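Sequence positions in the sequence shown follow our numbering and run 715 to 897. A virtual CB, placed ideally from N, CA and C, is assigned to each residue, including glycine. Predicted model, so just to flag it, every value in this text is computed and none were measured. Contents: one structure, followed by commentary.
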Amino acid sequence: MTKQDFDEFLKRVDQQKKETQAIDWETKKNEWLAYLNKLYEKFNSYLAEYIAKGIITINYQNVSITEEYIGSYTAPEMIINLGNEQVILTPVGTNLIGAKGRVDIAGRLGSAQLVLVDANARNVNDPPRKPESENLESTHKSEEKKALSKTWEWKFVSAPPARKFQPVNEETIYSVIMEVTNG
C-alpha cells in the first residue's frame with residue numbers, strides 16, 4: 715500500500731464520520747418509535763373484537779435496546795395473551811441494513827419477523843425503487859423533497875429462501891398468530 719492509497723483511505727473514513735455526525739440520531743430514534751406505535755395500533759385494531767370479548771389481552775413492557783450511534787433507549791414490547799398462549803412482539807431496532815426497523819414475533823412454537831421497508835419493496839432482495847413522482851421535473855423545492863422521500867410500511871417477511879414481503883393486514887396478523895402458536 716502506498717502513502718497515496720493510505721491518504722485516500724483516511725479521506726474516505728473522515729467523510730464517513732462527517733456523514734454519520736450529520737444524521738440527527740435522536741430524530742431517527744423517535745421516528746422509529748412512532749412507526750412502532752403505529753404497528754401496535756394496527757394489531758390492536760384488528761384484534762379489538764377479541765379484546766372486547768376478553769378472549770385476548772394485550773400488555774406492554776419496556777425493553778432496552780442499544781444501537782450504534784443512538785445508544786441505549788427503551789421501547790415497548792407488545793405481549794398478546796390468548797388462552798394459554800403468548801405472542802410477543804419484540805422491537806429489534808432501527809439501524810439495520812435494508813430496513814428502517816425490525817420487530818421479532820415469538821410464540822411457543824414458532825417465530826416470524828416484521829420489517830419497516832420501502833412500501834414498493836416486494837422481497838428482501840428487491841432493490842429500492844424510485845417513486846414515479848421522483849422522475850418528474852419539479853419547479854418547487856418542497857415538491858422535490860416530497861418526491862424524494864420514501865413511504866415506509868411494515869411488512870411480514872416469509873421464511874427463507876423466498877424471503878418475500880407480505881402486507882400487515884387482518885388476514886396476515888391472524889395467520890402469523892396462529893403460526894407461532896401452532897393454532
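Check: Could you check what DSSP says for residue 777 in three-state terms: helix, strand or coil?; Outcome: strand
Check: Short of 7 Å in beta carbon distance, which residues of its chain neighbour residue 799, apart from the five on each side in sequence? Order them along the chain.; Outcome: 821, 822 and 895
Check: Put residue 846 into one of helix, strand or coil per three-state DSSP.; Outcome: Because the pLDDT at residue 846 is just 40, under 50, the model does not fix this residue reliably, and the value given afterwards should be weighed accordingly. Of the three classes helix, strand and coil, the one that applies to residue 846 here is helix, per DSSP.
Check: I'd like the list of long-range same chain contacts for residue 878, defined as Cβ closer than 7 Å, with 5 residues on each side in sequence excluded.; Outcome: 836, 837 and 872
Check: According to DSSP, is residue 760 part of a helix, a strand, or is it coil?; Outcome: helix
Check: If we count the other Cβ atoms within 10 Å of its Cβ and call it buried at 16 or more, is residue 882 buried or exposed?; Outcome: buried
Check: Rounded to a whole number of angstroms, what is the C-alpha to C-alpha distance between residue 886 and residue 869?; Outcome: 10 Å
Check: When we look at the beta-carbon of residue 722 and count the other beta-carbons within 10 Å, is it buried (16 or more) or exposed?; Outcome: exposed
Check: Assign residue 716 to one of two classes, buried (16 or more other C-beta atoms within 10 Å of its C-beta) or exposed (fewer than that).; Outcome: exposed
Check: Determine, using beta-carbon pairs with one atom in the stretch 763-776 and one in the stretch 789-799, whether at least three such pairs fall under 8 Å.; Outcome: yes
Check: Report the rounded CA-to-CA distance for residue 729 versus residue 719, giving the unit in angstroms.; Outcome: 15 Å
Check: Determine the direct distance from the alpha carbon of residue 724 to that of residue 888, and round the result to whole angstroms.; Outcome: 52 Å
Check: What did DSSP end up calling residue 792 once you bin it into helix, strand or coil?; Outcome: strand
Check: Quick one: grab the DSSP three-state call for residue 752.; Outcome: helix
Check: Do you know offhand how far residue 762's Cα is from residue 726's?; Outcome: 52 Å
Check: Ignore the nearest five residues each way along the sequence and tell me which others in residue 810's own chain have a CB closer than 7 Å to its CB.; Outcome: 816
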